[in-house]
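Just so you know, the numbering used here puts 50 at position 35 of the sequence shown, and the rest follows in order with no gaps.
Worksheet: one structure, shown below.
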Amino acid sequence: MEEVFKSFCSFGAGKDGAALMDNSKFAKLARDLKLLDKKLTATDVDIIFNRTEVKPKTERKINFKQFKAAVKLLAEKKYPGDADGASKLEELIAAGKPTAKGATKAAKGGAVDRLTDTSKYTGSHKERFDESGKGKGLDGRREMDKKASEGYVGGYQGMDTYDKSH
């Protein structure tokens with residue numbers, strides 16, 4: 016159960032997350048582990064987190080010992096009159112882990128596929144990639160036209176080839 020507590024404490028905080036849980040992470044634990052029902056609501060979870068049996072009024076976060084006291088109060092609310100309520104709830108919590116809901120995913124659409132599929136590139140852009148789609152680096156950016164590398168424009172055809180009508 017302590018591993019689950021630590022995983023919820025550090026969820027979204029990076030690798031250096033502290034072993035203290037705030038109210039939002041406590042509510043996330045109740046939501047993600049599907050502890051909420053008609054007997055135990057999100058409001059009840061908030062109230063239990065802020066009770067003086069769990070933490071002093073001046074504190075904003077709880078440690079593992081205080082978390083266990085909060086779980087006991089959650090069990091009393093979720094399983095009223097059940098002597099095994101606390102152990103049932105501890106088993107539910109020990110089997111869970113945080114989930115990322117509503118996280119953004121890579122877009123899958125016609126325009127994205129068209130723009131990122133290198134096999135569909137045309138013109139000078141297709142020269143920048145090999146058959147597998149991997150970029151060639153500087154080799155793909157080298158000028159293919161010898162005249163263009165000498166400073167002439169793309170339509171230059173050579174000396175004395177211009178249209179005489181002008």
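Every residue, glycine too, gets a C-beta built ideally from N, C-alpha and C.
Open item on the list: My assumption, with CB atoms under 8 Å, is that F20 sits in contact with F82. Please give the rounded CB distance.
Closed with: F20 to F82, Cβ: 5 Å. Contact.
Task: 8 Å contact criterion, which L50 and L88 should meet: CB distance rounded - done: Distance from L50 to L88 at the Cβ level is roughly 12 Å; contact not present, criterion being Cβ atoms closer than 8 Å.
- [ ] Assign F26 to one of three DSSP states: helix, strand, or coil.
- [x] Of the three classes helix, strand and coil, the one that applies to F26 here is coil, per DSSP.
TODO: Could you work out which residue in N38, A98, K179 is closest to Y72 when comparing CA atoms only?
DONE: It should be pointed out that residue 72 corresponds to Lys in this sequence rather than to Tyr. Ranking N38, A98, K179 by Cα distance to K72 puts N38 first.
TODO: Compute the distance between the beta-carbons of F144 and A85, then report whether it is under 9 Å.
DONE: The criterion of a C-beta distance shorter than 9 Å is not satisfied by F144 and A85.
Open item on the list: Taking 7 Å as the limit between beta carbons, can you name the residues of its chain near D99, skipping five residues before and five after?
Closed with: Excluding sequence positions up to five before and after D99, its CB lies less than 7 Å from no other CB in the same chain.
- [ ] For I62, count neighbouring C-beta atoms within 10 Å of its own C-beta (all shown protein chains included) and say buried if the count is 16 or more, exposed if not.
- [x] I62 counts as exposed, since fewer than 16 other C-beta atoms from the protein chains shown sit within 10 angstroms of its C-beta.
TODO: Output yes or no for whether 9 Å exceeds the beta carbon distance between K112 and L55.
DONE: Not closer than 9 Å, so no.
Open item on the list: Suppose you measure from the CA of A115 to the CA of L48; what does that come to, to the nearest Å?
Closed with: A115 and L48: Cα-Cα distance of roughly 12 Å.
TODO: Look up G150 in the DSSP assignment and give the residues it is bridged to.
DONE: Note: G150 sits in a beta bridge opposite F144.
Open item on the list: Within the continuous alpha helix (DSSP H) that includes L104, where are the two ends?
Closed with: That run of the alpha helix (DSSP H) goes 100-109.
TODO: Report yes if the C-beta distance between L44 and I108 is below 9 Å; otherwise report no.
DONE: Yes, these two residues count as a Cβ contact at 9 Å.
- [ ] Ignoring anything shorter than 4 residues or poking outside the segment 18-89, list the alpha helix (DSSP H) runs there in chain order.
- [x] Listed in chain order, the alpha helix (DSSP H) runs fully inside the segment 18-89 are 38-47, 57-64, counting runs of at least 4 residues.
Task: Residue from R75, P95, F79 with nearest C-alpha to M5 - done: Missing from the structure shown is residue 5; the chain here goes from 16 to 181 and no further.
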